[in-house]
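Engineer: Residue numbers (our numbering), protein chains in the order written: chain A, 1 to 361; chain B, 362 to 781; chain C, 782 to 1000; chain D, 1001 to 1140.
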Amino acid sequence: MADPDTLEKRLAQQGISRRAFLKFCTAMATLMALPPGTAPAIAAALAKAKRPSVIWLSFQECTGCTESLTRSYSPTVESLIFDMISLDYHHTLQAASGFGAEKSREDAMKESYGKYLLLVDGSIPTKDGGIYSTIAGTTNLDMLKQAAKGAAAIISVGTCAAFGGIPKANPNPTGAVAVSDIVKDKPIVNISGCPPIPAVITGVLAHYLTFGALPELDSLNRPKAFYGETIHDRCYRRPFYDQGKFAKTFDDEGARNGWCLFELGCKGPVTHNACATTKWNGGAGFPIEAGHGCLGCSEPDFWDAGGFYKALSMPATPLTLVTGAAVTGAAVGVGISIANRMKKGAAKSAHQTATFTDLEK
Amino acid sequence: MSASLQRGINVLKEMIDAPVASFFSSCVHCGLCAEACLFYTETGDPKYTPIHKLEPLRRVYSQEYTLLGRVGKMLGLSKALTDDELETWSELVYDSCTMCGRCSLVCPVGNDIVYMVRKLREGMAVSGHAPKDLRATTRRTIEIGSPMGVKWPAVQHVIQRQETETGLKIPVDQQGAEIMVLLSSMEVINYPEYLGALAKIFHKTGTRWTLSSKAIEATNAGIQIGASDLAREIVARIVTAAEGLGVKKVLSPECGHAYMALRWEGPNLMGRPFKFEVVHVLELLDEWRRAGKLKVKDKFKTPVTLHDPCQIVRRGGVLEAPELLLEQVVSEYRPMTDPNKWNWCCGGGGGTSAIHEPDAEQLRFKAFQVKKRQIEETGVDTVVTFCANCRIVIEEAFDHYGMNTKLLGLTELLAQHLED
Amino acid sequence: MNAMQFLAWVRGPGLDISVGILLLGVIWRLLEIYTLGRKPDLAPARRRAGASGWHTLYRRSLPAPGGLSRSPISYVGGYTFHIGLAIVVFLFAPHILLASSLVGLSWPGLPSPVIDGVTVITLAAMLVMLFDRINKPVKRYLSTFEDYFTWALTFLPVLTGYLAVKHLLLPYATMLAVHILCVELLLIALPFTKLFHAITVFGSRWYNGQINGRRGVPV
Amino acid sequence: MSLENISIKVETAGVFSVGNVNALLSEIAAGLAKVIATGETTVIDLQSLPFAPGEYEQLRQTLGQGEVTARIEAIGTSEVIETRCPGVWWLTHCNIEGDIVADVIEITAIPEILKSQPEDVCAGLDRLNAMLSQPAPRND
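#1: Using a Cβ cut-off of 8 Å, which residues of the segment 376-407 of chain B contact any Cβ in chain C, in chain order?
#2: Which two residues bound the contiguous beta strand (DSSP E) that contains residue 541 (chain B)?
#3: Does the segment 408-423 of chain B touch the segment 474-487 of chain B, meaning 3 or more C-beta pairs lie closer than 8 Å?
#4: In whole angstroms, what is the alpha-carbon distance linking residue 764 (chain B) and residue 740 (chain B)?
#5: In chain A, what lies closer than 7 Å to residue 998 (chain D) by C-beta?
#6: Just to confirm my understanding: we take residue 921 (chain C), look at its own chain, exclude 5 residues before and 5 after, and list those with CB closer than 8 Å. What are they?
#7: Tell me, to the nearest whole angstrom, how far the beta carbon of residue 55 (chain A) is from that of residue 108 (chain A); I am working on the premise that it is less than 8 Å.
#8: Around the Cβ of residue 1127 (chain D), are there at least 16 other Cβ atoms within 10 angstroms (buried) or fewer (exposed)?
#9: Distance cutoff 8 Å, beta carbons only. Does residue 965 (chain C) sit that close to anything in chain B?
#10: Return the first residue and the last residue of the beta strand (DSSP E) that residue 1045 (chain D) is part of.
#11: When the Cα atoms are used, what is the spatial distance from residue 163 (chain A) to residue 177 (chain A)?
#12: Please report the straight-line C-alpha distance between residue 470 (chain B) and residue 972 (chain C), rounded to a whole angstrom.
#13: Going along the chain, which residues of the segment 20-45 of chain A sit with their C-beta nearer than 7 Å to a C-beta in chain D?
#14: Using only the alpha-carbon positions, how far apart do residue 1132 (chain D) and residue 57 (chain A) sit?
#15: Cα separation between residue 1081 (chain D) and residue 1106 (chain D)?
#16: Exposed or buried, residue 1122 (chain D), counting other C-beta atoms within 10 Å across all chains shown (16 or more means buried)?
#17: Between the segment 146-160 of chain A and the segment 112-128 of chain A, are three or more C-beta pairs nearer than 8 Å?
#18: Taking the Cβ atom as the reference point for each residue, do residue 812 (chain C) and residue 337 (chain A) lie within a distance shorter than 8 Å?
#19: When the distance is taken between beta carbons, is residue 51 (chain A) closer than 8 Å to residue 85 (chain A)?
#20: Kindly list, in the order they appear in chain C, the residues whose Cβ is closer than 9 Å to that of residue 304 (chain A).
#21: Is any beta-carbon of chain A found at less than 8 Å from that of residue 418 (chain B)?
#22: Establish whether the CB of residue 1111 (chain D) and some CB of chain A are separated by less than 8 Å.
#23: Helix or strand or just coil, what does DSSP make of residue 327 (chain A)?
#24: If you measure beta-carbon to beta-carbon, which residues of the segment 480-503 of chain B are closer than 7 Å to chain A?
#25: Among D:1038, D:1034, D:1056, which has the Cα closest to the Cα of residue 1020 (chain D)?
#26: Would you mind reading off the limits of the alpha helix (DSSP H) that contains residue 865 (chain C)?
#27: Return yes when the Cβ of residue 386 (chain B) is within less than 8 Å of the Cβ of residue 816 (chain C), no when it is not.
#28: The alpha helix (DSSP H) that contains residue 216 (chain A), what's its start and end?
#29: Would you call the segment 943-961 of chain C and the segment 878-886 of chain C in contact, with 3 or more CB pairs under 8 Å?
#30: Spell out a yes or no on whether the segment 587-598 of chain B and the segment 501-519 of chain B are touching, meaning 3 or more CB-CB pairs, one atom from each, closer than 8 Å.
#31: List the residues of chain C that residue 301 (chain A) touches, going by C-beta distances under 8 Å, in chain order.
#32: Between the segment 234-253 of chain A and chain C, which residues of the former have a C-beta closer than 8 Å to a C-beta of the latter?
#33: Contact defined as beta carbons within less than 8 Å: I believe residue 747 (chain B) pairs with residue 696 (chain B). What is the distance between those atoms, to the nearest angstrom?
#34: Take residue 907 (chain C) and list the residues in its own chain whose beta-carbon comes closer than 6 Å to its own, dropping the five residues that flank it on each side.
#35: Rounding to the nearest angstrom, what Cα-Cα distance links residue 77 (chain A) and residue 20 (chain A) in this structure?
#36: Using C-beta distances below 8 Å, list every residue in its chain close to residue 1071 (chain D), excluding the 5 sequence neighbours before and after it, in chain order.
Structural data, given as structure tokens:
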């Protein structure tokens, strides 16, 4: 008995041809950053894919992540995927409000207990019992803990949920932390970025949907397919870096010639993300293509990483100890110098003129 | 009063200065100084590495004059110097160092190693760790006036013989003479013809010169053993005599360390510049050569090579005169490899030749191998030099190795070939 | 501490502390060494010492006659790694950037592939020097813990720098942080170990040249 | 004041000579050699490659357009072009809105997507049979 809830069936019901499905799988492979030759494998897996329940919680955030996702430039594929998931709670997108909204969340948590996918954007304030951000009277901290209990896996969308992000930046007034700082017993995928690339969000969802499992992750729990290489590694300006050709200001000859932005503070070399290949705004480009260095937004603590316009090889903070050190060094030096001179003087005073008998013991 | 470790360390504390501190701070243990030292090159024993010979001095420097060293000493992280260690080092500082200064020439960071050996010997001497033969030599110089125990009557005998041989008057204690001549005991005993050669040259140039019955000895065992107080006493005899006679110049003989003692260390020992000029005999001869006063009647026909005594050439700065004078008087001069300031020591400088312990003598002969090679490479069988000490050491070594090589003093060679 | 925090620390407080200690140590040690003074030489100079000290500064940069054939490894290895270090430290674009941000001076650098090559050569030369130190009796005899320690302190920054640039072993950010940390350790150790020869070499050569120059001997 | 009154100078980026095109052409050449030798298909995902501005167009120009051009209308338009190098196909898949969702080069005799799929053939046959089984329209 065929499960009517598999994607293949749903597509067939919508009158979509096998050829169209193959095309869709090619797009999916691109989306998941898998080799294009894997389309047939995707097709086979998708034929059996189920429709998971998804709960999306937004905590201390700016809604940029949701904006990024909903303004995605390949809506058909995404909409196909969203057709495939049951987005049961997303307080920005859902029509329901107030008690009704909260009830739908609680219902979904009950019905799909142990099976639903929990998406989180925003960091979680922990200071003073977490009172700095609440939804319907419940702190984010409590809501996350409750929702995490029944989740099959958690996807932290955006740098705030993944690493604490801007709310956690110095001096972190709300005691903001990442999801992974609170939830320790569930698989967590971090889709960092401020915001994350929409195709990466859908790509991870597609992967979960297709293969029923989370993709391979790096040491910071980010999917390797998208975060495996640095911006610098895939940057089209990399050859200029290797040739030692750097833009020195944003309007010099080097900048106009598209030279490397390293000296202008580009964090590409230490930033793992797919911007350089996946690009933004329907493939229009990415920050470096627009002439601005990478801020490193998909890395932990990018906000406090020493300034966006300071090259990586430059001091992150001004040297403050130099004067004090010089003065101390001079003081120590003068001190030992005086002591040495006194010692030498004493040795001279203690000198007893030697006679030849003084050479014998 | 007697020697003691404490006196030794005290003297080292006096001796350590900014150059020493800079040198020790610069050493990177590259070991290149070993390659410049004949005691290492001929034995291959790394303990003869020049900078290693200075370890006691380095320890005192570090423990006494650096903050970290002082703290380390207080916390017991570094051991204080002991008599036993100094006794061990005696062999390295005296037997196997001729203060030739070749190491100071090669050090890539520029350390003047011999400058420091000289200082370390000060501490070794008053802590009682100088070799006993050197102590005896020093004692004789102070007590008798000469390291070899030569007394004035012996000198008078040499004077008379040379007067007879040359037919020239050798003046003694001539007030107002231009030049006062010094001799080394070795010349008095082994090479008296040097005095005759000088008499001839002075006669030909019409120079008013004199010997002093109060100060005939140019050598200074105090310098060699490293006891400045004694070296000063020895230098003072010459200074008193020369200034008493009112001479303009004092002529340092063909002796390496005598020149060092009088020319470069003397004023510093006395604490004042002299009222006369100290001139090495070859400097004077070269001056006359340039003035055309030194004409030779014929040339020495046998091919010769030249051994440059370290203290006169490399450390004394008489760089060009010896070769220029030699070329004047010989028909064929074949320089050694590493000539002039790069020359290798005979192995007996810096007081080493005075040490007659069997081990030290054997080591000296071994070290001589480099000189032997140098001579053999030139293919000549006549070596000319201008240091009485080198001559003794080299002749002993010739005997030891059964070499059929002749050795000549440059001044005598010149005198023999001067126009009548 | 994650990689970026580590990197931020070494680029910030770590650099501040190490440069501070370097400066403190250099001033202290320079005063400690050069205020010991020396007696004036009362012997009349054969020739005014004049620029002898400066001449020796230059002359000792060249091998002694015959030295090259007697100690080829010490000389060739020594030159290679010193020159290599100088090129890598001063002509690699990110390093120049650091210098310009610290002291405001900038100069043209070399292309990365050239720096890569020089780095490999420098590392090889340093390994050869280490081997020579262990292998050659004189060097082994003279060597103390400090000699091996300072070798490691010099080797590691070059190695980690290369690994960072080439993205080997550790993620770039971590390796870059390790590289900077290694450099900081080097800076801290410089005034208090034989590495200080980088500065006192000038004083030592000058003294030697001056002392012997008065005697008329160019050393 | 309308936007037209503001003088805006548009500068287009020149072609960067950073070498991606040549690298890619080498990869394509290797793919062709493989097809000849083993018949194995190579697929290159152009969206996963870092192109400098202008390089994509440069690649398009270099490969050019060969004898075959096909359009597929299935959840949006797909364009399949055989380039000047037979065996090298350029497939551009768009969604219904016309945005590119996949852009690949396929090195093969004929891209899989052009072939009729057995499922679709079956479905077509079913539809045809259904039509045939209906009573023929009567000619009045």
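Note that beta-carbon positions come from the ideal geometry of N, C-alpha and C, so glycine has one too.
From a predicted model like this one, the values you see are computed outputs, not experimental measurements.
Structural biologist: The structure says:
#1: 377, 378, 379, 380, 381, 382, 383, 384, 386, 387, 388, 389, 390, 391, 392, 393, 395, 396, 397, 401, 405, 407
#2: Position 180 of the second sequence holds residue 541 (chain B). Per DSSP, residue 541 (chain B) belongs to the beta strand (DSSP E) from 540-542.
#3: yes
#4: Along the second sequence, read from residue 1 onward, the residue named residue 764 (chain B) stands at position 403. Along the second sequence, read from residue 1 onward, the residue named residue 740 (chain B) stands at position 379. C-alpha separation (whole angstroms): 13 Å.
#5: Here chain D comprises residues numbered 1001 to 1140, so residue 998 (chain D) is not present and cannot be evaluated.
#6: As a working mapping, residue 921 (chain C) is identified with position 140 in the third sequence. So the qualifying residues of the chain are 914, 915.
#7: As a working note, residue 55 (chain A) is residue 55 in the first sequence. As a working note, residue 108 (chain A) is residue 108 in the first sequence. Confirmed, Cβ separation roughly 6 Å.
#8: Reading the fourth sequence from its first residue, position 127 is the one you call residue 1127 (chain D). The residue in question, residue 1127 (chain D), is exposed, as its Cβ has fewer than 16 Cβ neighbours within 10 Å.
#9: Sequence index remark: in the third sequence, residue 965 (chain C) carries index 184 (1-based). Residue 965 (chain C) does not count as touching chain B.
#10: In the fourth sequence, the residue the question calls residue 1045 (chain D) occupies position 45. Looking at the DSSP string, the run of the beta strand (DSSP E) that includes residue 1045 (chain D) is 1042-1045.
#11: The residue given as residue 163 (chain A) occupies position 163 in the first sequence. The residue given as residue 177 (chain A) occupies position 177 in the first sequence. Distance between the alpha carbons of residue 163 (chain A) and residue 177 (chain A): 7 Å.
#12: Numbered from 1 along the second sequence, position 109 holds the residue referred to as residue 470 (chain B). Numbered from 1 along the third sequence, position 191 holds the residue referred to as residue 972 (chain C). So the two alpha carbons sit approximately 16 Å from each other.
#13: 20, 22, 23, 24, 26, 27, 30, 33, 36, 37
#14: If you number the fourth sequence from 1, residue 1132 (chain D) lands on position 132. If you number the first sequence from 1, residue 57 (chain A) lands on position 57. Their backbone Cα atoms lie some 55 Å apart in a straight line.
#15: For the purposes of this step, residue 1081 (chain D) is identified with residue 81 of the fourth sequence, where counting begins at 1. For the purposes of this step, residue 1106 (chain D) is identified with residue 106 of the fourth sequence, where counting begins at 1. For residue 1081 (chain D) and residue 1106 (chain D), the distance between alpha carbons rounds to 10 Å.
#16: Within the fourth sequence, the letter at position 122 stands for residue 1122 (chain D). Exposed, by the Cβ-count rule.
#17: yes
#18: In the third sequence, the residue the question calls residue 812 (chain C) occupies position 31. In the first sequence, the residue the question calls residue 337 (chain A) occupies position 337. A contact, by the Cβ cut-off of 8 Å.
#19: Mapped onto the first sequence, residue 85 (chain A) falls at position 85. Mapped onto the first sequence, residue 51 (chain A) falls at position 51. For residue 85 (chain A) and residue 51 (chain A), yes; Cβs fall inside 8 Å.
#20: In the first sequence, counting from the first residue as 1, residue 304 (chain A) sits at position 304. Residues of chain C passing the Cβ test: 785, 786, 789.
#21: For this step, residue 418 (chain B) is matched to residue 57 along the second sequence. Residue 418 (chain B) does not count as touching chain A.
#22: For the purposes of this step, residue 1111 (chain D) is taken as residue 111 along the fourth sequence, with counting starting at 1. So, not an interface residue.
#23: What you label residue 327 (chain A) is simply residue 327 of the first sequence in a count that begins at 1. Helix at residue 327 (chain A).
#24: 486, 487, 489, 491, 496, 499, 500, 503
#25: Along the fourth sequence, one-based indexing puts residue 1020 (chain D) at 20. That would be D:1056, whose Cα lies nearest to the Cα of residue 1020 (chain D).
#26: For this step, residue 865 (chain C) is matched to residue 84 along the third sequence. Residue 865 (chain C) -> alpha helix (DSSP H) spans 859-872.
#27: Against the third sequence, residue 816 (chain C) aligns to sequence position 35. Against the second sequence, residue 386 (chain B) aligns to sequence position 25. No.
#28: By 1-based counting over the first sequence, the position of residue 216 (chain A) is 216. Neither: residue 216 (chain A) is in no alpha helix (DSSP H) and is coded neither H nor E.
#29: no
#30: yes
#31: As a working mapping, residue 301 (chain A) is identified with position 301 in the first sequence. Correct list: 783, 785, 786, 789.
#32: 241, 242, 243, 244, 246
#33: Locating residue 747 (chain B) in the second sequence gives position 386, counting from the first residue. Locating residue 696 (chain B) in the second sequence gives position 335, counting from the first residue. At roughly 15 Å, the Cβ-Cβ gap does not stay under 8 Å, so residue 747 (chain B) and residue 696 (chain B) are not in contact.
#34: The count along the third sequence starts at 1 and reaches residue 907 (chain C) at position 126. If we look at residue 907 (chain C) and ignore the five residues flanking it on each side, its Cβ neighbours are 862, 936.
#35: To locate residue 77 (chain A), count along the first sequence from 1; it is residue 77. To locate residue 20 (chain A), count along the first sequence from 1; it is residue 20. The predicted model places residue 77 (chain A) with a pLDDT of 49, which falls under 50 and marks its position as unreliable; any figure quoted below should be read in that light. Going by the C-alpha atoms only, they are around 12 Å apart.
#36: Within the fourth sequence, residue 1071 (chain D) is the residue found at index 71, counting from 1. These residues qualify, in order along the chain: 1077, 1078, 1079, 1080.
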